[in-house]
Amino acid sequence: MAERSFAKEVQKLKKGNGEVFTGEGILGITKALLENGVGYVGGYQGSPISHLMDVLADAQEILGELGVHFEASANEATATAMLAASVHYPIRGAVTYKSVVGTNVASDALSNLASGGVTGGALIIVGEDFGEGSSIMQERTYAFAMKSQVWMLDPRPNLPRITKAVGDGFDLSEASNTPVMLQVGIRSCHVHGHFTAKDNKRPAMTVSDALENPRRDLNRIVLPPATYLHEQEKLTKRLPAAQKFIMEREINERFGKEDAKVGLILQGGSYNTVIRALNRLDLADLYGDTDVDMLVLNCIYPLVDEQIMDFCEGKDAVLVIEEGHPNYIEQQIATMLYKRGKTVKLEGKGILPMGGEYTGQVMVDSLGAFFAQYAPSMLPVAKTATNEEPVAIPDLSKTLPGRPPGFCTGCPERPIFAATKLVEEELGEHHISSDIGCHLFSIMPPFDIGATTMGYGLGPASAAAFHNENKKGRRSISFVGDGGFWHNGLTSSVGNAVFNKSDNVIVIVDNFYSSATGGQDILSSRAVNKTKQTQNSIVEACKGMGVKWVRQVDRTYDVTKMRDTLKEALTTEEEGPKVIVASSECMLNKQRRVKPEMAKAAKEGKRVVKPRFGVDEDVCTGDHACMRLSGCPSLSVKDTGDPLRDDPVAAIDQTCVGCGNCGEVADAAVLCPSFYQAEVVTNPTATEKRRAARASKIISWLQSRRDAKRVAFA
Numbered sequence: 001m002a003e004r005s006f007a008k009e010v011q012k013l014k015k016g017n018g019e020v021f022t023g024e025g026i027l028g029i030t031k032a033l034l035e036n037g038v039g040y041v042g043g044y045q046g047s048p049i050s051h052l053m054d055v056l057a058d059a060q061e062i063l064g065e066l067g068v069h070f071e072a073s074a075n076e077a078t079a080t081a082m083l084a085a086s087v088h089y090p091i092r093g094a095v096t097y098k099s100v101v102g103t104n105v106a107s108d109a110l111s112n113l114a115s116g117g118v119t120g121g122a123l124i125i126v127g128e129d130f131g132e133g134s135s136i137m138q139e140r141t142y143a144f145a146m147k148s149q150v151w152m153l154d155p156r157p158n159l160p161r162i163t164k165a166v167g168d169g170f171d172l173s174e175a176s177n178t179p180v181m182l183q184v185g186i187r188s189c190h191v192h193g194h195f196t197a198k199d200n201k202r203p204a205m206t207v208s209d210a211l212e213n214p215r216r217d218l219n220r221i222v223l224p225p226a227t228y229l230h231e232q233e234k235l236t237k238r239l240p241a242a243q244k245f246i247m248e249r250e251i252n253e254r255f256g257k258e259d260a261k262v263g264l265i266l267q268g269g270s271y272n273t274v275i276r277a278l279n280r281l282d283l284a285d286l287y288g289d290t291d292v293d294m295l296v297l298n299c300i301y302p303l304v305d306e307q308i309m310d311f312c313e314g315k316d317a318v319l320v321i322e323e324g325h326p327n328y329i330e331q332q333i334a335t336m337l338y339k340r341g342k343t344v345k346l347e348g349k350g351i352l353p354m355g356g357e358y359t360g361q362v363m364v365d366s367l368g369a370f371f372a373q374y375a376p377s378m379l380p381v382a383k384t385a386t387n388e389e390p391v392a393i394p395d396l397s398k399t400l401p402g403r404p405p406g407f408c409t410g411c412p413e414r415p416i417f418a419a420t421k422l423v424e425e426e427l428g429e430h431h432i433s434s435d436i437g438c439h440l441f442s443i444m445p446p447f448d449i450g451a452t453t454m455g456y457g458l459g460p461a462s463a464a465a466f467h468n469e470n471k472k473g474r475r476s477i478s479f480v481g482d483g484g485f486w487h488n489g490l491t492s493s494v495g496n497a498v499f500n501k502s503d504n505v506i507v508i509v510d511n512f513y514s515s516a517t518g519g520q521d522i523l524s525s526r527a528v529n530k531t532k533q534t535q536n537s538i539v540e541a542c543k544g545m546g547v548k549w550v551r552q553v554d555r556t557y558d559v560t561k562m563r564d565t566l567k568e569a570l571t572t573e574e575e576g577p578k579v580i581v582a583s584s585e586c587m588l589n590k591q592r593r594v595k596p597e598m599a600k601a602a603k604e605g606k607r608v609v610k611p612r613f614g615v616d617e618d619v620c621t622g623d624h625a626c627m628r629l630s631g632c633p634s635l636s637v638k639d640t641g642d643p644l645r646d647d648p649v650a651a652i653d654q655t656c657v658g659c660g661n662c663g664e665v666a667d668a669a670v671l672c673p674s675f676y677q678a679e680v681v682t683n684p685t686a687t688e689k690r691r692a693a694r695a696s697k698i699i700s701w702l703q704s705r706r707d708a709k710r711v712a713f714a
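If you read the sequence shown in full-length UniProt numbering, its first letter stands for residue 1, the second for the next number, and so on.
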């Protein structure tokens with residue numbers, strides 16, 4: 001179950017030649033793949049390209065009609081290895097993954113794919129995001145393109161250019177026998193627009209055709225010493241072929257006045273932000289028309305020396321605009337200029353920030369500084385100053401409280417960490433290794449759990465060095481999600497722990513989905529998926545890997561059971577890794593599934609019951625220990641208005657989803673009996689109506705009696 005359905009949008013993929021296609025960048029890329037005769041598609045989800053996998057999953061009927069094979073890959077290495085179908089066969093293949101984390105995982109397969117080269121077009125669609133909201137480390141995929149000698153496109157963020165880049169990427173790959181990366185930033189993925197569609201094209205050779213007609217080219221097989229010849233071929237044949245293609249196809253674009261004394265060289269993905277900044281500086285109009293000479297690199301690797309030198313000729317200064325660090329493009333251009341003895345002043349990082357996202361304001365400030373220094377005459381004359389005081393913009397980081405990331409309301413992972421805190425109160429603090437996924441939010445208050453994150457599925461592996469020589473000493477605890485478990489953790493973490501006779505504790509957080517990437521189904525998902533085999537047991541997989549001590553907790557909201565199971569794992573004398581599979585459905589996905597069902601049932605007049613929880617104000621002591629062990633967003637504080645009570649009491653707001661975690665935590669920690677459960681019934685039975693009416697009368701009578709006593713005492 002993905003975050004959202006694209007069932008309606010994918011119908012646009014059927015549009016034919018001359019029709020206008022409208023939508024966002026992700027959908028446009030999918031349409032372009034079909035128009036360019038792709039034969040197979042795979043990949044692994046991750047922001048900002050998660051939706052590409054979701055679109056493809058919803059479009060499988062359309063893909064099937066064209067003979068296109070689609071797979072949701074186990075990880076990015078699997079996806080990249082899948083492109084081996086394009087090594088010997090003239091089949092176009094495309095895979096997708098998230099930025100540098102995906103490229104890290106895929107790097108071994110990428111090196112081998114790039115070494116032998118490809119016959120059919122091989123396109124790797126990579127999502128990139130350098131913003132503060134990014135969920136990964138701030139590194140650049142560009143380094144992998146340089147290292148493995150694969151080419152990288154970064155088209156201007158509009159649908160005509162993005163979709164054109166898909167076709168250019170396939171053609172460039174085939175012209176140079178080299179895989180091509182198509183880098184699309186978060187702006188490109190979610191930009192909306194339109195382009196003129198073409199007919200979808202059935203692949204000239206499908207994967208079924210290839211199986212019936214096997215081929216084998218010894219020159220494309222990665223086997224020493226042929227790898228030495230591959231390296232020579234990269235430099236003497238493939239690179240020149242790519243540079244020739246870039247020039248002949250006019251992949252890169254030039255705008256503005258070519259005789260200007262200053263110029264900008266920029267990545268295509270930054271074009272919209274640059275144009276908007278120039279507009280704010282009165283150097284471009286709203287339609288992008290400008291006198292500023294700009295070389296827009298829709299292909300950022302390889303660069304074509306002659307094109308760069310031609311652009312720099314006769315200029316006093318050039319500013320290189322590239323997002324992220326290091327400044328790979330700037331370094332290459334600096335080398336070109338130095339070797340040719342050019343005196344043009346090259347600027348880049350320094351005027352622009354060294355790293356981070358180049359937002360609109362960053363671009364305005366940086367471009368303003370560049371033109372003020374090297375071409376002040378191009379800037380408009382400053383407006384006459386007035387006597388008015390400038391409006392001070394407050395520093396919101398000092399005005400507003402910090403809002404760290406946290407678990408969703410009702411998240412089944414929250415009670416797991418509440419149980420961990422309860423165990424630590426009894427047994428003392430432990431070294432805890434975290435992992436990539438929703439459970440990583442446990443490092444934030446109120447839990448403050450976790451010391452390291454080494455990679456997706458590598459939580460237990462990052463605790464591998466911790467071995468206590470004292471057999472009865474303290475053990476480490478490590479967490480890994482079900483998505484990370486299937487992605488990499490089964491072998492790299494669990495298998496590694498079994499092989500090395502680890503004595504530590506591994507908690508596998510099973511919420512039925514790859515939740516953090518958008519709620520996609522995985523091997524252990526409970527849902528029935530028509531195109532995938534789900535409902536595979538994590539417990540059985542661990543046992544098959546050799547784990548002897550395995551415990552399954554089927555309802556993580558049972559904090560007492562979670563606490564007791566974790567305590568048993570930390571104190572048992574049984575040797576080998578101790579694995580706890582803690583299972584409960586992701587509440588966000590559950591609500592997406594259940595809410596429409598309940599609304600439909602209620603509309604049809606059926607009886608619908610929604611559990612809700614509350615806090616008895618007269619019982620609550622106001623010590624707020626429940627919040628320190630829960631942290632649920634729906635659990636807050638409330639002032640009773642009673643002058644005799646100093647502390648506000650706990651309160652549950654309307655966002656409560658009725659998971660019961662707050663009451664479970666209170667029970668496990670022996671806190672207080674102030675929590676109560678109520679049921680909101682839609683379309684109640686006649687008996688329930690009579691009971692509710694009778695209860696309402698009794699309560700009203702009791703309240704009136706109480707109010708009368710208060711008046712009397714007053």
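Where is the CB? At the ideal position from N, CA and C, for every residue including glycine.
(1) On the three-state DSSP scale, how would you describe SER73?
(2) On a CA-only basis, which of ALA284, LEU182 and ALA317 is nearest VAL126? Give me that one, please.
(3) PHE441 and PHE407: beta carbons closer than 7 Å?
(4) Three or more beta-carbon pairs under 8 Å between the stretch 609-620 and the stretch 565-574, yes or no?
(5) Output needed for ILE275: all residues of its chain with C-beta closer than 7 Å, excluding positions within five of it in sequence on either side, in chain order.
(6) Would you identify the three-state DSSP class for residue 716, choosing helix, strand or coil?
(7) Ends of the alpha helix (DSSP H) at GLY116?
(8) Which term fits GLY484, buried or exposed, when burial requires 16 or more other beta carbons within 10 angstroms of its beta carbon?
(9) CA-CA distance, THR399 and TYR513?
(10) Per the contact definition of three or more C-beta pairs closer than 8 Å, is the stretch 596-616 in contact with the stretch 522-530?
(11) If you reduce the DSSP assignment to three classes, tell me which class ARG706 lands in.
(12) Closest by CA to ALA109, which one among TYR89, GLY93, LEU422 and MET82?
(13) Taking all protein chains shown into account, decide if ASP199 is buried (16 or more other Cβ within 10 angstroms of its Cβ) or exposed.
(14) What first and last residue would you give for the alpha helix (DSSP H) that runs through LYS600?
(15) Give the secondary structure of GLN533 by DSSP, where H, G and I count as helix, E and B as strand, and everything else as coil.
(16) Got a sec? Which residues, its chain only, sit under 7 Å from ASN683 by beta carbon, not counting five neighbours each side?
(17) Would you give the residue range spanned by the beta strand (DSSP E) that GLY193 belongs to?
(18) Taking VAL507 and ILE416 to be in contact with their CB atoms under 8 Å, please state how far apart those CB atoms are, rounded to whole angstroms.
(19) Looking at the secondary structure, which residues open and close the beta strand (DSSP E) in which TYR40 lies?
(20) Could you say which of GLU413, ALA57 and ARG161 lies nearest to GLY269 if we only look at CA atoms?
(21) Since GLY368 contacts LEU239 with CB under 8 Å, what's their CB separation in whole angstroms?
(22) Check each candidate in PHE466, GLY459 and HIS467 and name the one with the smallest Cα separation from VAL480.
(23) Does ILE321 come out as helix, strand or coil in the three-state DSSP assignment?
(24) Any idea which residues DSSP pairs PHE255 with across the strands?
(25) Is there contact here, the stretch 549-569 with the stretch 76-91, by at least three beta-carbon pairs under 8 Å?
(26) Measuring CB to CB, does VAL509 end up less than 7 Å from ALA418?
(27) So for ALA59, helix, strand or coil by DSSP?
(28) From TYR142, GLU313, LYS600 and ILE321, pick the residue whose C-alpha is nearest to that of GLY341; which is it?
(29) Considering only residues of the same chain and omitting the five flanking positions on each side of ASN387, which have a CB-CB separation below 6 Å?
(30) Can you give the Cα-Cα distance for GLY169 and LYS349, rounded to whole angstroms?
(31) Helix, strand or coil for TYR228, going by three-state DSSP, please let me know.
(32) Is it the case that the Cβ atoms of LEU319 and PHE370 are separated by a distance below 7 Å?
(33) Out of TYR44, LYS501 and ASN496, which has the shortest C-alpha to C-alpha gap to ASN104?
(34) According to DSSP, is ARG414 helix, strand or coil?
(35) Closer than 8 Å is the cut-off here; do at least three beta carbon pairs connect the stretch 427-436 with the stretch 468-479?
(36) For GLN677, does the three-state DSSP call read helix, strand or coil?
Based on what the coordinates show:
(1) coil
(2) LEU182
(3) yes
(4) no
(5) ALA284 and GLY288
(6) The first residue shown for the chain is 1 and the last is 714, placing residue 716 beyond what the model contains.
(7) 99-116
(8) buried
(9) 38 Å
(10) no
(11) helix
(12) MET82
(13) exposed
(14) 587-603
(15) coil
(16) ALA602, GLY605, LYS606, ARG607 and VAL608
(17) 192-196
(18) 7 Å
(19) 38-43
(20) ARG161
(21) No, GLY368 and LEU239 are not in contact; Cβ-Cβ is about 37 Å, not under 8 Å.
(22) GLY459
(23) strand
(24) MET294
(25) no
(26) no
(27) coil
(28) GLU313
(29) For ASN387, the predicted structure reports a pLDDT of 49, less than 50, and the residue's modelled location is therefore unreliable. The matter cannot be settled from this model.
(30) 29 Å
(31) helix
(32) yes
(33) TYR44
(34) helix
(35) yes
(36) strand
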